[in-house]
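Working notes, beginning with the structure itself.
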Amino acid sequence: MPAEAPDRGEGPHRDGLRKVARVVLLDPRDRVLLLHGHEPDDPSDDWWFTPGGGLEGDETREQAALRELVEETGVTEVELGPVLWRRTCSFPFAGRRWDQDEWYFLARTTQTVTAPTALTDLERRSVAGARWWTCRELTEAHETVYPTKLAELLRRVLDEGPPATPEVLDTEIV
Numbered sequence: 043m044p045a046e047a048p049d050r051g052e053g054p055h056r057d058g059l060r061k062v063a064r065v066v067l068l069d070p071r072d073r074v075l076l077l078h079g080h081e082p083d084d085p086s087d088d089w090w091f092t093p094g095g096g097l098e099g100d101e102t103r104e105q106a107a108l109r110e111l112v113e114e115t116g117v118t119e120v121e122l123g124p125v126l127w128r129r130t131c132s133f134p135f136a137g138r139r140w141d142q143d144e145w146y147f148l149a150r151t152t153q154t155v156t157a158p159t160a161l162t163d164l165e166r167r168s169v170a171g172a173r174w175w176t177c178r179e180l181t182e183a184h185e186t187v188y189p190t191k192l193a194e195l196l197r198r199v200l201d202e203g204p205p206a207t208p209e210v211l212d213t214e215i216v
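For the sequence shown, the working numbering assigns the number 43 to the initial residue and increments by one for each residue that follows.
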């Protein structure tokens, strides 16, 4: 992780928050792709999450979403859609606190085979794989999934379509 840049209201940080683009990637069967993550030194402290990560340099959120998707999953055949949700979150990970402003983009693909292409050292030590989940599987899961209530949020998107404007999710502090 590069050193934190001072916040000037632009670039990869805003208001002291790391700017993040995440992807809610759906396959032709409306399954969502989630990554399986864990604390680098404790694989038993685990969770599932959407692909994505922080902006680099002056890239847009859209550019970051597509770059992160390729790096973390190898998926290149993507139709990037609108921003579904926005969320502010704060959580401990790898010995530090991460404060983030996350945007979740809807995306579709027919490419269901995944293989990371450019994981960072931290990601290599903390990402255990990927899995396609049905909405039903998410609803019935006992695992921790981020964002919280992903199954409910996804069901609404599948039933009603994307919101006209991004829905602001509750702030999550772990």
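Just so you know, even glycine gets a beta-carbon here, dropped at the ideal spot from N, CA and C.
**Prompt:** Can you name the start and end residues of the beta strand (DSSP E) that Asp84 belongs to?
**Reply:** The residue labelled residue 84 in the question sits at position 42 within the sequence shown. That run of the beta strand (DSSP E) goes 84-91.
**Item:** Cβ shell of Ala63 (< 6 Å), same chain only, five flanking positions each side left out
**Value:** Stepping through the sequence shown from its first residue, residue 63 is reached at position 21. So the qualifying residues of the chain are Gly94, Arg103, Ala106, Ala107, Trp145.
**Request:** Report the three-state DSSP secondary structure of Thr181 (helix, strand or coil).
**Result:** Working through the sequence shown from its first residue, we reach residue 181 at position 139. DSSP places Thr181 in helix when its eight states are reduced to three.
**Gly123 versus Ala206, Val216, Asp212, Ile215, residue with shortest Cα-Cα distance** = To locate residue 123, count along the sequence shown from 1; it is residue 81. The option with the nearest alpha carbon to Gly123 is Ala206.
**Asked** Say the cut is 7 Å; is the CB of Arg128 nearer than that to a heavy atom of the ligand NAP?
**Response** In the structure on display, the ligand NAP does not appear, and there are no ligands present to speak of.
**Request:** State the beta-bridge partners of Gly79 as determined by DSSP.
**Result:** For the purposes of this step, residue 79 is taken as residue 37 along the sequence shown, with counting starting at 1. For Gly79, DSSP records a beta bridge to Trp89, Val169.
**Item:** Contained alpha helix (DSSP H) runs [length at least 4] in the region 93-174, N- to C-terminal order
**Value:** 103-115, 163-168
**Prompt:** Going along the chain, which residues of its own chain have a beta-carbon closer than 6 Å to the beta-carbon of Leu131, five neighbours each way excluded?
**Reply:** In the sequence shown, the residue the question calls residue 131 occupies position 89. Looking at the sequence itself, residue 131 is Cys, so the reference to Leu does not match. Same-chain partners within the cutoff: Gln142, Glu214.
**Prompt:** What first and last residue would you give for the beta strand (DSSP E) that runs through Ala193?
**Reply:** On the sequence shown, residue 193 is found 151 positions in, with the first residue counted as 1. Taken as a continuous stretch (DSSP letters only), Ala193 belongs to no beta strand (DSSP E), being part of the alpha helix (DSSP H) at 192-202.
**Request:** Using three-state DSSP, classify Leu67 as helix, strand or coil.
**Result:** Your numbering for residue 67 matches position 25 in the sequence shown. Secondary structure of Leu67 (DSSP, three-state): strand.
**Message:** Using a Cβ-Cβ cutoff of less than 6 Å, which residues in the same chain neighbour Arg109 once the five nearest sequence positions on both sides are dropped?
**Reply:** Working through the sequence shown from its first residue, we reach residue 109 at position 67. So the list is empty, once near-sequence residues are dropped.
**Asked** Under a three-way DSSP split, which group does Leu211 fall into?
**Response** Counted from its first residue, the sequence shown places residue 211 at position 169. In this structure, Leu211 counts as coil in the three-state DSSP scheme.
**Candidates Leu59, Val74, Val120, Lys61, of which the one nearest Thr152 by Cα** = Residue numbering aside, residue 152 sits at position 110 when the sequence shown is read from its first letter. That would be Val120, whose Cα lies nearest to the Cα of Thr152.
**Request:** Compare the C-alpha of Arg195 against each of Gly58, Glu101, Arg178 and name the closest.
**Result:** The count along the sequence shown starts at 1 and reaches residue 195 at position 153. In the sequence as presented, Arg is not what sits at residue 195; that position holds Leu. For the residues Gly58, Glu101, Arg178, the minimum Cα distance to Leu195 belongs to Arg178.
**Request:** Classify Arg73 as helix, strand or coil using the three-state DSSP reduction.
**Result:** Your numbering for residue 73 matches position 31 in the sequence shown. When secondary structure is reduced to three states using DSSP, Arg73 falls in the coil class, being assigned neither helix nor strand.
**Message:** I need the DSSP call for Asp187, collapsed to helix, strand or coil.
**Reply:** Your numbering for residue 187 matches position 145 in the sequence shown. Reading off the sequence shown, one finds Val at residue 187, where the question assumed Asp. Val187 falls in the strand class under three-state DSSP.
**Asked** With 16 as the cutoff for other CB atoms within 10 Å, does Thr154 come out buried or exposed?
**Response** Residue mapping note: residue 154 aligns to position 112 of the sequence shown, counting from 1. With fewer than 16 other Cβ atoms within 10 Å, it is exposed.
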